[in-house]
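Peer 1: Quick one: the structure is below, questions incoming.
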Amino acid sequence: MNARLARIEAGLAGLMLAAVLLISCAGAVARSLGTPLIWADEAAVAAMVWSGFLGAAALFGRRGHMALTFLPERLGRRGTAALRVLADALLLTGFAGLGLVVWRWFDLPGLRAAGSAQALADASFNFLYLEPTQTLGIRKIWIWLVLPLFTLGGTLHAALLLAMDLRGETPQ
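See the structure below:
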């Protein structure tokens, strides 16, 4: 399941990178023809943000992030296994903390209780669901939705890797 989720995340990150390339090329061509696409830069940045978060989540699932190997190389097999458990437990703790921040920021119970995004903003000054982008003409929530996806994916990866560590399995 961990590898499958990482493949999906990596595939989506690749699609977002392709979108960055296409949007940037379209913007450059339009600019050279004297009719710039004012939304192209903002769309490319949004696609790059999505690509970055999805790619980072995929790398967590593959243990693909940069790591210092000086200590694990000197600890032996049991020490390395214990260090891996500690690292994955800390990663899971970090994602749990991020999850709390995202949950509080998105405030789904508050949104439901308020009945509308405008009522939530009026009551709590949380304009998350209302704030528009500068040039795309969409609400920023569509860009920020990558954060709960990243948090859920990262939490799932960390939990699965920690479970594998505790069972003594090596990730594929």
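Final position of the sequence shown in my numbering is 304; the numbers increase by one with none missing. Heads up, the beta-carbon is just placed ideally off N, CA and C, and yes, glycines get one too. The model shown is predicted, which means the values in this text are computed figures rather than measured ones.
#1: Do the region 286-296 and the region 240-251 touch if we need at least three Cβ pairs shorter than 8 Å?
#2: What alpha helix (DSSP H) runs, 4 residues minimum, are completely inside the region 211-299?
#3: Return helix, strand or coil for GLY143, following the three-state DSSP convention.
#4: Keeping to the same chain, check which residues put their C-beta closer than 8 Å to that of ILE170; ignore five residues upstream and five downstream.
#5: Could you tell me whether the region 144-160 touches the region 172-179, using the rule of 3 or more Cβ pairs below 8 Å?
#6: Does PRO168 come out as helix, strand or coil in the three-state DSSP assignment?
#7: What alpha helix (DSSP H) runs, 4 residues minimum, are completely inside the region 150-204?
#8: What number of angstroms, rounded off, separates the C-alpha of GLY166 from the C-alpha of PHE192?
#9: So SER183 and MET148 are in contact, right, with Cβ under 8 Å, and what is the actual spacing, rounded?
#10: On the three-state DSSP scale, how would you describe MET133?
#11: Beta carbon of VAL234, beta carbon of PRO280: below 8 Å?
Peer 2: Reading it off the structure:
#1: no
#2: 240-246, 249-256, 273-276 and 278-299
#3: helix
#4: THR267
#5: yes
#6: coil
#7: 172-193
#8: 43 Å
#9: 4 Å
#10: coil
#11: yes
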